[in-house]
Ligand SMILES: [Zn+2]
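Numbering (the numbering used here), first residue to last: 44 to 298.
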């Protein structure tokens with residue numbers, strides 16, 4: 044049995060003091076596969092360093108995060124294009140629209156999202172979507188881009204059952220993390236009605252730690268807490284959750 048954390052920012056400053064020990068803690072508990080989303084050009088080198096240190100366990104994405112879309116968007120997108128042309132990545136991510144922090148770059152976020160979806164199609168890669176306070180806006184873009192060549196993960200999914208079904212209709216798996224363990228997280232109320240084949244596990248570490256670590260620094264080993272919650276919700280063994288969600292991650296990322 045192995046677990047796959049499909050979304051973890053292991054290069055984050057929050058891990059500066061104990062990064063290696065933290066990753067080894069996860070490996071010991073059978074969390075063996077880590078998919079690493081990009082933020083912007085400032086995180087690229089740190090991702091390569093992680094990959095050099097744990098080459099069998101780290102799988103890198105390339106992309107421009109919506110909260111990093113600002114006046115520099117053109118040069119940041121150029122960086123994404125150059126890196127994608129240079130070597131193999133496993134997804135274009137994380138990309139999307141975030142209207143929670145700042146709405147002033149909405150149009151630029153929308154264009155960057157659309158442009159990066161087209162890059163993913165060019166390289167036959169999945170996308171990993173970040174969506175905050177922007178379901179309608181994200182779905183509008185997916186509606187324009189939908190097709191057999193559009194697929195990926197709706198990361199940190201926290202919507203309604205109808206939104207879950209809509210995301211799945213665009214060939215998206217739902218990235219389920221700590222929010223599923225929260226008392227007021229809401230998705231626990233309908234998740235078991237969504238076929239497990241559409242679900243992947245994630246932590247979004249260092250953010251969004253699951254119960255009983257809510258509010259603290261999140262780590263990849265806590266993906267097991269999310270798996271335990273799914274085991275309870277779906278009424279299947281932890282082993283079955285680990286197996287099916289890891290298989291789903293293979294189906295998306297091709298590894
Ligand atoms: Zn993230």
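Each residue gets a CB set at the ideal place from its N, CA and C atoms; glycine is no exception.
| residue 141 CB to nearest heavy atom of ligand 1 below 8 Å | Taking the first residue of the chain shown as position 1, residue 141 is located at position 98. False, no ligand heavy atom lies under 8 Å from that Cβ.
| task | Would you check whether ligand 1 has a heavy atom nearer than 8 Å to the C-beta of residue 56? | result | To locate residue 56, count along the chain shown from 1; it is residue 13. Answer for residue 56: no, Cβ out of range of ligand 1.
| said: Beta-carbon within less than 7 Å of residue 213's beta-carbon, same chain only, minus the 5 sequence neighbours each way: which residues are those? | reply: Walking along the chain shown from the start, residue 213 turns up at place 170. Only 185, 189, 193 meet the Cβ criterion.
| Backbone CA spacing between residue 270 and residue 231 [nearest angstrom] | Position 227 of the chain shown, counted from the first residue, corresponds to residue 270. Position 188 of the chain shown, counted from the first residue, corresponds to residue 231. The alpha-carbon of residue 270 is positioned some 12 Å away from that of residue 231.
| task | Could you tell me which of 187, 208, 110, 281 sits nearest to residue 139, measuring between CA atoms? | result | Taking the first residue of the chain shown as position 1, residue 139 is located at position 96. Cα-wise, what sits closest to residue 139 is 110.
| query | How about residue 181 and residue 155: are their beta carbons less than 9 Å apart? | reply | If you number the chain shown from 1, residue 181 lands on position 138. If you number the chain shown from 1, residue 155 lands on position 112. No.
| said: To test your reading of the DSSP string, which unbroken beta strand (DSSP E) runs of 3 or more residues are found completely within the region 237–293? | reply: 242–244
| said: Nearest by alpha-carbon distance to residue 56: which of 70, 89, 74 is it? | reply: By 1-based counting over the chain shown, the position of residue 56 is 13. Nearest C-alpha to residue 56: 89.
| field | CB-CB length for residue 265 against residue 239, believed under 8 Å | value | Taking the chain shown and counting its residues from 1, one reaches residue 265 at position 222. Taking the chain shown and counting its residues from 1, one reaches residue 239 at position 196. That pair is no contact at about 20 Å.
| query | Where in the region 104–176 do unbroken runs of the alpha helix (DSSP H), each at least 4 residues long, occur, reported from the N-terminal end onward? | reply | 116–129, 149–165
| message | Suppose you measure from the CA of residue 177 to the CA of residue 142; what does that come to, to the nearest Å? | response | The residue given as residue 177 occupies position 134 in the chain shown. The residue given as residue 142 occupies position 99 in the chain shown. Taking the straight line joining both Cα atoms gives about 6 Å.
| query | What do you get for residue 129, buried or exposed, if any count of 16 or more other CB atoms within 10 angstroms of its CB means buried? | reply | On the chain shown, residue 129 is found 86 positions in, with the first residue counted as 1. So residue 129 ends up on the exposed side.
| Which residues in the same chain as residue 47 place their Cβ atom closer than 6 Å to its Cβ, once the five residues preceding and following it in sequence are excluded? | Position 4 of the chain shown holds residue 47. Residues 76, 289, 292 of the same chain have their beta carbon placed closer than 6 Å to that of residue 47, with the five preceding and five following residues left out of the count.
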